[in-house]
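All residue numbers for the sequence shown refer to my numbering, where the first residue is -3 and numbers rise by one.
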Amino acid sequence: MTQAHSTNADAGEVRPAIFISHAAPEDNAFTLWLGAKLAALGYEVWADVLRLRGGDDWQRKLEHALRDRAAKVLLVANPRAVDKQGVRNEIQIASDVARKIGDQEFIIPLRLAPFEAPFLIAHAQYIDFQRGWAAGLAELLGVLGETYKVPRQESDQSAIWREVQLVHARTVSATPERLISNWLAIEQLPAKLRFFEFRAGAERAAQARIKDAPWPVVPFRRGFLTFARMDELQDHFGPSLPLKLQGERRLDGFLEDGWSMFDIARVDARNKFSDLARQAIETALRGRGLKEFALSGFQTAWWAPLNAAPTGKVAFRWADISGLRQIQGVSAKRRMNWHFGVSVAVRTAPLRHARVISRLIFTEDGEKPFEDPAKMHRLRRSFAKTWRNARWRDMLLAFLHWLADGATEWRVPVTSDEALVLTLPPVTWMAPVSMPLDAETPEVDDDDPSDDEEVEEFEEEGLNAPSDAEDDEP
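1. For chain D, check one thing: does any of its Cβ atoms lie closer than 8 Å to the Cβ of Leu302?
2. Counting only the same chain and skipping the five closest in sequence on each side, list residues whose C-beta sits under 7 Å from that of Thr307.
3. Classify Gly308 as helix, strand or coil using the three-state DSSP reduction.
4. I'd like the span of the beta strand (DSSP E) that includes Ser17, first residue to last.
5. Just the C-alpha distance for Ile123 and Ala280, rounded to the nearest angstrom, thanks.
6. Helix or strand or just coil, what does DSSP make of Glu228?
7. Have a look at Ala61, Thr404, Leu71, Trp398 and flag the residue whose alpha-carbon is nearest the alpha-carbon of Val310.
8. Taking Cβ to Cβ, would you say Ser354 is nearer than 8 Å to Phe336?
9. Name the residue from Ile104, Leu71, Ala130 whose alpha carbon lies nearest to the alpha carbon of Val139.
10. Using the DSSP secondary-structure output, state which residues sit across from Lys530 in a beta bridge.
11. According to the neighbour-count rule (16 or more other Cβ atoms, all chains shown, within 10 Å of its Cβ), is Val263 buried or exposed?
12. By a C-beta neighbour count over all protein chains shown, 10 Å radius and 16 as the cutoff for buried, is Asn333 buried or exposed?
13. Which parts of the stretch 370 to 412 are runs of the alpha helix (DSSP H), unbroken and 4 residues or longer, counting only runs that do not cross its ends?
14. Secondary structure at Gly82, three-state DSSP: helix, strand or coil?
15. Is the stretch 188 to 206 close to the stretch 370 to 390, with three or more CB pairs under 8 Å?
16. Applying the criterion that 16 or more other CB atoms from any shown protein chain within 10 Å of the CB defines a buried residue, is Glu367 buried or exposed?
17. Which first and last residues belong to the alpha helix (DSSP H) in which Val263 is found?
18. Helix, strand or coil: how does DSSP classify Glu252 here?
19. Could you tell me the boundaries of the alpha helix (DSSP H) in which Phe191 lies?
20. Of the residues Gly141, Glu22, Pro238, which one's Cα is nearest the Cα of Asn74?
21. Would you call the CB atoms of Thr424 and Arg174 closer than 8 Å?
22. Use the C-beta contact count for Ser177: other C-beta atoms within 10 angstroms, 16 or more gives buried, fewer gives exposed.
23. Check the DSSP bridge columns for Asn333 and list the partner residues they point to.
24. Taking the continuous alpha helix (DSSP H) assigned at Gly128, which residues delimit it?
25. Taking contact to mean 3 or more Cβ pairs, one atom from each stretch, closer than 8 Å, check whether the stretch 238 to 254 and the stretch 371 to 379 are in contact.
26. Out of curiosity, what's the CA-to-CA distance linking Ala196 and Thr222?
27. What did DSSP end up calling Val146 once you bin it into helix, strand or coil?
28. Please list the terminal residues of the continuous beta strand (DSSP E) segment that includes Phe102.
29. With distances taken Cα to Cα, identify the nearest neighbour of Pro172 among Glu183, Ala35, Leu185.
30. By Cβ distance, which residues of its chain are closer than 8 Å to Ile89, with the 5 residues on each side in sequence left out?
31. Cα separation between Phe15 and Thr404?
32. Out of curiosity, what's the CA-to-CA distance linking Gln153 and Asn303?
33. Could you say which of Ala181, Arg284, Gly128, Pro421 lies nearest to Ala345 if we only look at CA atoms?
34. Kindly indicate which three-state DSSP category Gln203 falls into: helix, strand or coil?
35. The alpha helix (DSSP H) spanning Arg56 covers which residue range?
36. In terms of DSSP beta bridges, what is Gln184 paired with?
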């Protein structure tokens, strides 16, 4: 998959790379994590934490990449980094390049912690990684792909990464590794989007009816946007709130270009689609017997009560992806039940997908969540502290397999005869490298894994990456 070349070059020069500037060795781990994600998605990535074979003039190659190949410079930004002379030198060179190629947004700070921006980047808009690496990566991918059109390819990008060495001499292997994401690709869309309006003066009466409409709707002007047809909605609103169809547009065109007739720009169009699709998915979850639980902010977790989902282990299999995991259990030690749950967000970049974020909900009896927010918070931080990445991944796969009855697609109704079709299993990528792990004993489904309440909870997001905070979508 090749995207349009970056326009950040003079005289038509192609600049295909991403350069990561960071403090070494303090931010090596983050840079390796970020670089691996970007390389796996097809970007050409340069950073001084990489190593070429002995004899290569690495510093010269690195400076050449910054001056002549970089489409964007990602600055790993925190107080320690921006005070380092090496980082400041790279900021100076990058600023010179930015002037040369006429790109005022050449440097993109990635905020890992609050920092005082040096003068040369005081104007730069940062991407926030402080609230979680996965959330920051999601925003960064949208910016690189949609806003700046930085080129990426599916061709082998492993030449550099085969020689990467981690801090403390831990080596990355040249063996490819499959990464299983929490993204469900959207394979099929409804055909059209429609704009209905109420008569002038009826907006207030209509608001209450909009909230419990039978199909997903997004308020807009004096009416709403929806996938549904007139005959699927008018009975709900009744004769006192007659609808008027103001326009309809093919959904693929709406997502690509917006709707100029009604002053809907492309970015706004995509946000409205994401809202409609999320509503449809949450309605489908409710239809499977899942209950909603309000998280911080405007987020919602969906979880299965005791009698709504299997209490034993759930087997899952899609071709060579298979396993066996519990998605709920009982802790006799703590006198409570735990339930695997999910939050859902729909995004259109770098591909159209629904992002399924793993959650844990705790109940007194399998039905009623604990009312004390502090207790729920402590349990989230402590209960699953020993659960490793593979367990979270397999719980998500088991949950999705149960949800879709083992099918390779999940059809989410958006009208009486149309559906949003999501593919299963989740999107996977082949990373050109892998990180060998020491031999580990297979993890059992322990319902009482920990008593320590001091360790951060783990919420799986993105490409099997832990997040420091609850997902807060941009």
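Every residue gets a Cβ at the ideal spot worked out from N, C-alpha and C, and that includes glycine. A quick note: this is a predicted structure, and the numbers were derived from the prediction, not measured.
Straight from the coordinates:
1. Absent from the structure is chain D; it holds one protein chain and no more.
2. Reading the sequence shown from its first residue, position 311 is the one you call residue 307. Result list for Thr307: Gln324, in chain order.
3. Residue 308 sits at position 312 when you count from the first residue of the sequence shown. Reduced to three states, the DSSP call for Gly308 is coil.
4. Here the question's residue 17 lines up with position 21 in the sequence shown. Note, Ser17: beta strand (DSSP E), 13 to 17.
5. In the sequence shown, the residue the question calls residue 123 occupies position 127. In the sequence shown, the residue the question calls residue 280 occupies position 284. Each residue's alpha carbon lies about 33 Å from the other.
6. Here the question's residue 228 lines up with position 232 in the sequence shown. Helix, per DSSP.
7. For the purposes of this step, residue 310 is identified with residue 314 of the sequence shown, where counting begins at 1. Of the listed residues, the one whose Cα sits closest to Val310 is Trp398.
8. Sequence index remark: in the sequence shown, residue 354 carries index 358 (1-based). Sequence index remark: in the sequence shown, residue 336 carries index 340 (1-based). Cβ distance < 8 Å, so Ser354 and Phe336 count as in contact.
9. In the sequence shown, residue 139 corresponds to position 143, counting from 1. It is Ile104 whose Cα lies nearest to the Cα of Val139.
10. Residue 530 is absent from the structure shown; the chain starts at -3 and stops at 470.
11. Walking along the sequence shown from the start, residue 263 turns up at place 267. Exposed, by the Cβ-count rule.
12. Within the sequence shown, the letter at position 337 stands for residue 333. It counts as buried.
13. 385 to 399
14. On the sequence shown, position 86 is the one that residue 82 refers to. Here Gly82 sits in helix by DSSP.
15. no
16. Working through the sequence shown from its first residue, we reach residue 367 at position 371. Burial call: exposed.
17. For the purposes of this step, residue 263 is taken as the residue at position 267 of the sequence shown. Residues 262 to 283.
18. Stepping through the sequence shown from its first residue, residue 252 is reached at position 256. In the structure shown, Glu252 sits in a helix (DSSP, three-state: H, G or I).
19. Stepping through the sequence shown from its first residue, residue 191 is reached at position 195. From DSSP, Phe191 is part of no alpha helix (DSSP H) but of the beta strand (DSSP E) over 188 to 193.
20. For the purposes of this step, residue 74 is taken as residue 78 along the sequence shown, with counting starting at 1. Nearest option by C-alpha distance: Glu22.
21. As a first step, residue 424 is located in the sequence shown; it is residue number 428 there, counting from the start. As a first step, residue 174 is located in the sequence shown; it is residue number 178 there, counting from the start. Taking 8 Å as the Cβ cut-off, Thr424 and Arg174 qualify as a contacting pair.
22. On the sequence shown, residue 177 is found 181 positions in, with the first residue counted as 1. Buried, because 16 or more other Cβ atoms sit within 10 Å of the Cβ of Ser177.
23. As a working note, residue 333 is residue 337 in the sequence shown. Bridge partners of Asn333: Val326, Thr359.
24. Here residue 128 corresponds to residue number 132 of the sequence shown, with the count starting at 1. Counting along the chain, Gly128 falls outside any alpha helix (DSSP H), and DSSP gives it neither H nor E.
25. no
26. Here residue 196 is taken as the residue at index 200 of the sequence shown, counted from 1. Here residue 222 is taken as the residue at index 226 of the sequence shown, counted from 1. Their Cα atoms are separated by approximately 20 Å.
27. The count along the sequence shown starts at 1 and reaches residue 146 at position 150. It is coil, neither helix nor strand.
28. Along the sequence shown, read from residue 1 onward, the residue named residue 102 stands at position 106. Looking at the DSSP string, Phe102 is not in any beta strand (DSSP E), and its letter there is neither H nor E.
29. Residue numbering aside, residue 172 sits at position 176 when the sequence shown is read from its first letter. Among Glu183, Ala35, Leu185, the Cα nearest to that of Pro172 is on Ala35.
30. For this step, residue 89 is matched to residue 93 along the sequence shown. Excluding sequence neighbours, Ile89 sits near Glu59, Leu62, Arg63.
31. Position 19 of the sequence shown holds residue 15. Position 408 of the sequence shown holds residue 404. Distance between the alpha carbons of Phe15 and Thr404: 38 Å.
32. Position 157 of the sequence shown, counted from the start, is the residue given in the question as residue 153. Position 307 of the sequence shown, counted from the start, is the residue given in the question as residue 303. Here Gln153 scores only 43 on pLDDT, less than 50, and its place in the model should not be relied on; the value that follows carries that caveat. The alpha-carbon atoms of Gln153 and Asn303 are separated by roughly 48 Å.
33. Here residue 345 is taken as the residue at index 349 of the sequence shown, counted from 1. Comparing Cα-Cα distances from Ala345 to each of Ala181, Arg284, Gly128, Pro421, the minimum goes to Ala181.
34. Within the sequence shown, the letter at position 207 stands for residue 203. Correct three-state label for Gln203: helix.
35. Here residue 56 refers to the residue found at position 60 of the sequence shown. Looking at the DSSP string, the run of the alpha helix (DSSP H) that includes Arg56 is 54 to 60.
36. On the sequence shown, position 188 is the one that residue 184 refers to. In DSSP, Gln184 forms a bridge with Val417.
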